[in-house]
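Note sheet for the following structure.
Number of protein chains: 2
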Amino acid sequence: MTTVFVKGLGLIGSTLIRAIRQKHPQYRIVGSDISTATLDFAIEQGLIDDAGTNLYQADQADFIILAGPVSAIVKDLHDLAQLELKPGVIITDVGSTKQTIIDAAQPLIERGDVFIGGHPMAGSHESGIQAGRVDLFKDAYYFLIPTSGSKGVSELKDLLSGLNVNWYLIHARQHDKIVAQLSHVPHVIATALMTQSAATFKDHRELLKLAAGGFKSTTRIAKSDPTMWSAIMHNNRELIVQQLDEYLYELQSLRQAITADDQEKLFAVFSKAKADREELDH
Amino acid sequence: MTTVFVKGLGLIGSTLIRAIRQKHPQYRIVGSDISTATLDFAIEQGLIDDAGTNLYQADQADFIILAGPVSAIVKDLHDLAQLELKPGVIITDVGSTKQTIIDAAQPLIERGDVFIGGHPMAGSHESGIQAGRVDLFKDAYYFLIPTSGSKGVSELKDLLSGLNVNWYLIHARQHDKIVAQLSHVPHVIATALMTQSAATFKDHRELLKLAAGGFKSTTRIAKSDPTMWSAIMHNNRELIVQQLDEYLYELQSLRQAITADDQEKLFAVFSKAKADREELDH
Numbered sequence: 001m002t003t004v005f006v007k008g009l010g011l012i013g014s015t016l017i018r019a020i021r022q023k024h025p026q027y028r029i030v031g032s033d034i035s036t037a038t039l040d041f042a043i044e045q046g047l048i049d050d051a052g053t054n055l056y057q058a059d060q061a062d063f064i065i066l067a068g069p070v071s072a073i074v075k076d077l078h079d080l081a082q083l084e085l086k087p088g089v090i091i092t093d094v095g096s097t098k099q100t101i102i103d104a105a106q107p108l109i110e111r112g113d114v115f116i117g118g119h120p121m122a123g124s125h126e127s128g129i130q131a132g133r134v135d136l137f138k139d140a141y142y143f144l145i146p147t148s149g150s151k152g153v154s155e156l157k158d159l160l161s162g163l164n165v166n167w168y169l170i171h172a173r174q175h176d177k178i179v180a181q182l183s184h185v186p187h188v189i190a191t192a193l194m195t196q197s198a199a200t201f202k203d204h205r206e207l208l209k210l211a212a213g214g215f216k217s218t219t220r221i222a223k224s225d226p227t228m229w230s231a232i233m234h235n236n237r238e239l240i241v242q243q244l245d246e247y248l249y250e251l252q253s254l255r256q257a258i259t260a261d262d263q264e265k266l267f268a269v270f271s272k273a274k275a276d277r278e279e280l281d282h
Numbered sequence: 001m002t003t004v005f006v007k008g009l010g011l012i013g014s015t016l017i018r019a020i021r022q023k024h025p026q027y028r029i030v031g032s033d034i035s036t037a038t039l040d041f042a043i044e045q046g047l048i049d050d051a052g053t054n055l056y057q058a059d060q061a062d063f064i065i066l067a068g069p070v071s072a073i074v075k076d077l078h079d080l081a082q083l084e085l086k087p088g089v090i091i092t093d094v095g096s097t098k099q100t101i102i103d104a105a106q107p108l109i110e111r112g113d114v115f116i117g118g119h120p121m122a123g124s125h126e127s128g129i130q131a132g133r134v135d136l137f138k139d140a141y142y143f144l145i146p147t148s149g150s151k152g153v154s155e156l157k158d159l160l161s162g163l164n165v166n167w168y169l170i171h172a173r174q175h176d177k178i179v180a181q182l183s184h185v186p187h188v189i190a191t192a193l194m195t196q197s198a199a200t201f202k203d204h205r206e207l208l209k210l211a212a213g214g215f216k217s218t219t220r221i222a223k224s225d226p227t228m229w230s231a232i233m234h235n236n237r238e239l240i241v242q243q244l245d246e247y248l249y250e251l252q253s254l255r256q257a258i259t260a261d262d263q264e265k266l267f268a269v270f271s272k273a274k275a276d277r278e279e280l281d282h
């Protein structure tokens with residue numbers, strides 16, 4: 001019997017479990033979480049067959065999925081390296097920065113276990129087991145960072161085929177730069193706008209309510225989990241600061257064009273940004 | 001018979017006309033636009049009863065609505081001051097910056113015509129007469145900037161009651177600061193992110209496609225009309241630069257916290273921004 005061990009039954013972990021259940025109903029799923037309420041819910045809903053904490057039964061699993069925050073994943077990888085795992089086990093994670101995690105997986109990789117980093121590029125500002133749903137990542141990109149050639153990649157794709165994602169194989173550092181640019185910097189930008197707008201209207205908070213759809217759209221991601229985002233800033237700070245500095249440079253250049261009332265440049269920049277952004281909708 | 005003159009039959013102008021038609025089907029509506037195709041469409045669809053260019057029949061109107069770009073509105077106000085208008089006429093506009101427009105309306109105001117600046121705080125990244133619809137501004141805020149006490153305000157609200165908006169009376173400069181902060185600065189921020197992201201991946205454009213919903217949401221408003229936005233940068237540049245500088249200060253402060261790995265500060269800022277942003281959804 002194929003056994004899947006999943007540690008961390010939040011938004012992502014429970015979404016992966018739902019997809020595995022749908023596609024491979026015969027697989028046995030063991031769930032681990034720090035929250036008893038979450039484990040109770042998972043058992044009641046039939047999401048998992050057995051529940052535990054820490055690495056309970058991880059040594060009996062054919063697939064190990066680490067779906068906690070990056071700091072937990074790093075610790076889990078160290079702990080797994082102290083255990084004798086099932087031969088042929090495939091280990092993966094869902095952390096949003098990859099170099100830190102690949103580094104932590106080195107002892108496992110060196111002794112021959114198969115580790116494939118993973119990261120689904122979608123999500124929700126919601127969190128928790130009840131927010132997970134089988135189509136959460138549908139049609140989104142799901143990064144895979146193989147570390148032992150192509151070993152285990154097709155098995156992992158098959159395990160998670162119920163997600164209906166677009167798989168994208170990539171190196172850790174390139175992944176971390178992409179997410180710094182397309183996910184982490186946008187989060188910083190949106191947070192700064194929300195923070196500064198709230199400060200501007202601190203004595204007239206009702207004025208914030210005048211915000212139209214454009215403001216709400218631009219700041220939407222500031223609603224995400226602050227614990228997760230603080231950790232991301234820690235784990236990917238070198239590349240976040242690098243891409244943020246490039247962003248600041250661009251913003252200063254636009255500020256200069258506004259100050260100088262350089263209509264030609266402003267029109268050119270707005271036009272190109274419009275065209276680039278429209279391309280993302282196709 | 002009540003006659004309404006509307007100059008500029010694009011997204012906003014045609015939306016206002018649709019709302020007037022619905023609520024006051026007996027009113028006569030005269031439309032003016034630089035595009036013959038737009039006027040033809042408006043006549044065919046029964047949106048207007050008569051069509052012309054420039055200020056055709058504006059001198060016979062009980063309501064004059066200027067719905068072109070700000071530069072056109074400013075010119076129209078100067079031209080209107082050369083005409084003898086109908087006694088009791090109420091003049092309004094829909095421009096997104098108000099001080100420039102109120103300044104241009106001074107000659108009309110000084111001779112006793114009633115001018116009430118207006119600005120609906122919603123919209124669409126679409127444009128043109130076919131994108132207008134009667135519920136476009138439903139439940140959004142619609143600023144009014146009266147310049148002759150309360151004269152004409154209730155008549156104007158009644159004329160546009162089919163929009164079902166929340167009216168918000170305000171002074172021109174306060175209006176311009178609010179829109180600088182909640183609309184214009186966000187547009188600059190989103191444009192800079194789109195521009196710099198496209199530059200980062202200029203040799204691998206397919207990587208931009210990896211952007212998840214958060215990036216798309218943050219940059220959505222960069223899709224808006226570049227001509228309109230270049231003009232807004234001109235018309236409100238003093239307040240845009242002022243609020244943008246405050247934003248840059250906040251962003252630099254967050255950058256510093258990331259560089260210093262100041263987890264306590266990052267968590268505090270992310271938490272407050274999350275709470276502030278969630279308040280906007282209620």
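Chains as they are written, first to last, in the UniProt record's numbering: chain C, 1 to 282; chain B, 1 to 282.
Think of the CB as a built atom: it goes at the ideal place given N, C-alpha and C, for glycine as much as any other residue.
Small disclaimer: the values here were computed from a predicted structure and weren't measured.
Where are the alpha helix (DSSP H) runs, 4 residues long or more, that stay fully inside the stretch 66-113 of chain B, in chain order? 70-80 and 99-110
Assign residue 145 of chain C to one of three DSSP states: helix, strand, or coil. strand
For residue 172 of chain C versus residue 102 of chain C, is the C-beta distance shorter than 7 Å? yes
Please list the residues of the stretch 207-218 of chain B that have a C-beta atom closer than 9 Å to any C-beta atom in chain C, keeping them in chain order. 207, 208, 209, 210, 211, 212, 213, 214, 215, 216, 217 and 218
Residues of chain C with a CB under 7 Å from the CB of residue 119 of chain B: which are they? Chain C residues near residue 119 of chain B: none, gap ~10 Å exceeds 7 Å.
Interfacial residues, the stretch 121-142 of chain B to chain C, with Cβ spacing under 8 Å: 121, 122, 123, 140 and 141
What is the rounded straight-line gap between the Cα of residue 78 of chain B and the Cα of residue 224 of chain B? 28 Å
Under 8 Å: do the stretch 238-257 of chain B and the stretch 191-203 of chain C share three or more Cβ pairs, one atom per stretch? Yes, since at least three Cβ pairs between the stretch 238-257 of chain B and the stretch 191-203 of chain C fall closer than 8 Å, the two stretches touch.
Whole angstroms are fine: how far does the CA of residue 63 of chain B sit from the CA of residue 33 of chain B? 17 Å
Should residue 118 of chain C and residue 147 of chain C be called a contact, given that it needs their Cβ atoms to be closer than 7 Å? no
Considering only DSSP beta bridges, list what residue 215 of chain B is partnered with. According to DSSP, residue 215 of chain B bridges with nothing at all.
Residue-chain proximity (residue 233 of chain C, chain A), Cβ-Cβ < 7 Å: No chain A is present in this structure, whose protein chains are C and B.
Would you check if the stretch 203-221 of chain B and the stretch 271-281 of chain B touch, i.e. whether three or more CB-CB distances between them fall below 8 Å? no
In terms of residues, what are the limits of the alpha helix (DSSP H) holding residue 276 of chain B? 263-279
Just checking my contact of residue 178 of chain C with residue 210 of chain B at CB under 8 Å: how many whole Å lie between their CB atoms? With a Cβ gap of about 6 Å, residue 178 of chain C and residue 210 of chain B count as contacting.
In whole angstroms, what separates the C-alpha of residue 111 of chain C from that of residue 4 of chain C? 21 Å
Residue closest to residue 286 of chain C, alpha-carbon to alpha-carbon, out of B:245, B:231, B:258 and B:241: Because chain C here runs from 1 to 282, residue 286 of chain C falls outside it and cannot be looked at.
Which residues in chain C have a C-beta closer than 8 Å to the C-beta of residue 242 of chain B? List them in chain order. Within 8 Å Cβ-Cβ: nothing; residue 242 of chain B doesn't reach chain C, min ~10 Å.
Could you tell me the distance, in whole angstroms, from the CA atom of residue 81 of chain C to the CA atom of residue 108 of chain C? About 6 Å.
Does the stretch 223-238 of chain B come within contact of the stretch 12-26 of chain B, defined as at least 3 CB pairs closer than 8 Å? Below 8 Å, too few C-beta pairs join the stretch 223-238 of chain B and the stretch 12-26 of chain B to call them touching: fewer than three.
Could you check where the beta strand (DSSP E) with residue 29 of chain C kicks off and where it finishes? Residue 29 of chain C: member of the beta strand (DSSP E) spanning 28-32, first to last residue.
If I measure Cβ to Cβ from residue 266 of chain B and keep anything under 6 Å in the same chain, skipping five residues before and after, which residues do I get? 257
Around the Cβ of residue 83 of chain B, are there at least 16 other Cβ atoms within 10 angstroms (buried) or fewer (exposed)? exposed
Within 10 angstroms of its Cβ, does residue 96 of chain C collect 16 or more other Cβ (buried), or is it exposed? buried
Any contact of the stretch 151-165 of chain C with the stretch 128-143 of chain B, i.e. 3+ C-beta pairs under 8 Å? Because the criterion of three Cβ pairs below 8 Å is not met, the stretch 151-165 of chain C and the stretch 128-143 of chain B do not touch.
Please classify residue 150 of chain C as buried or exposed, where buried requires at least 16 other C-beta atoms within 10 Å of its C-beta. Result: exposed.
From which residue to which residue does the alpha helix (DSSP H) around residue 249 of chain B run? Counted as a single uninterrupted DSSP element, the alpha helix (DSSP H) harbouring residue 249 of chain B occupies residues 237-259.
From what residue to what residue does the beta strand (DSSP E) around residue 169 of chain C run? 166-169
With DSSP as the reference, label residue 185 of chain B as helix, strand or coil. helix
Shorter than 7 Å from the beta carbon of residue 37 of chain B to some beta carbon of chain C? no
When we look at the beta-carbon of residue 25 of chain B and count the other beta-carbons within 10 Å, is it buried (16 or more) or exposed? exposed
Determine the burial state of residue 98 of chain B: buried for a count of at least 16 other Cβ atoms within 10 Å of its Cβ, exposed for fewer. buried
Residue 49 of chain B bridges to which residues according to DSSP? Beta-bridge pairing links residue 49 of chain B to no other residue.
Closer than 7 Å to chain C by CB, residue 34 of chain B: Chain C, which has no Cβ nearer than 7 Å to the Cβ of residue 34 of chain B, makes this no.
Hey, out of B:55, B:207, B:186 and B:28, whose CA is closest to residue 49 of chain B's CA? B:28
Bridge partners of residue 6 of chain C, per DSSP? Bridge partners of residue 6 of chain C: C:31 and C:65.
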